[in-house]
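First comes the structure, then the notes that go with it.
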Amino acid sequence: MLSKLANWRGFRRISAVLKRQTELYLHLIAARRQSQSQLCGGIVHPYVDSLLDLRVPDNGDASGPGRPLRDGELVGLVFEFLGAATGSTAACLEWTLAHLIDQPETLDRLRRE
Numbered sequence: 000m001l002s003k004l005a006n007w008r009g010f011r012r013i014s015a016v017l018k019r020q021t022e023l024y025l026h027l028i029a030a031r032r033q034s035q036s037q038l039c040g041g042i043v044h045p046y047v048d049s050l051l052d053l054r055v056p057d058n059g060d061a062s063g064p065g066r067p068l069r070d071g072e073l074v075g076l077v078f079e080f081l082g083a084a085t086g087s088t089a090a091c092l093e094w095t096l097a098h099l100i101d102q103p104e105t106l107d108r109l110r111r112e
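If you count the sequence shown from 1, position 16 lands on 15 in numbering that gives the first Met the number 0, and the numbers rise without skipping.
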């Protein structure tokens, strides 16, 4: 019964895409780790550098120095950061197009511009 409900091909395809994305992010994070030691304190502090410098409590012990983020945690935070605005951007575009369809004179003016 479950095999009829689940789309296993789609699941495998999504899993493969997520695996490739994770490998890509890990490669970029590793490259940033190597180049981070060569920087001389610039004005801009990249997001990945702040994640690499971040220390979190180890085993719930908040009094200790903490541990660096694990690779899986780094990848998860990068996923969240890169995908954060996709829903709101899509909704904004959807409403914009709906209003343009509802107001043809505005659409004509926009086309002329």
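Glycine is no exception: its CB is placed at the ideal position from the N, C-alpha and C atoms.
| Query | Result |
| --- | --- |
| Contact under 8 Å by Cβ, leucine 99 with leucine 92 | no |
| Reduced DSSP category for proline 67 - H, G, I as helix; E, B as strand; rest coil | strand |
| Inter-residue spacing [alpha-carbon to alpha-carbon] between arginine 8 and glutamate 22 | 21 Å |
| Close Cβ partners of aspartate 57 (< 8 Å) along its chain, the five nearest in sequence each way excluded | Gly63, Gly65 and Arg66 |
| Member of Leu68, Gly59 and Ala61 whose CA lies at the smallest distance from the CA of serine 53 | One point to set straight first is that residue 53 is leucine, not serine, in the sequence displayed. Nearest of Leu68, Gly59 and Ala61 to leucine 53, Cα basis: Leu68. |
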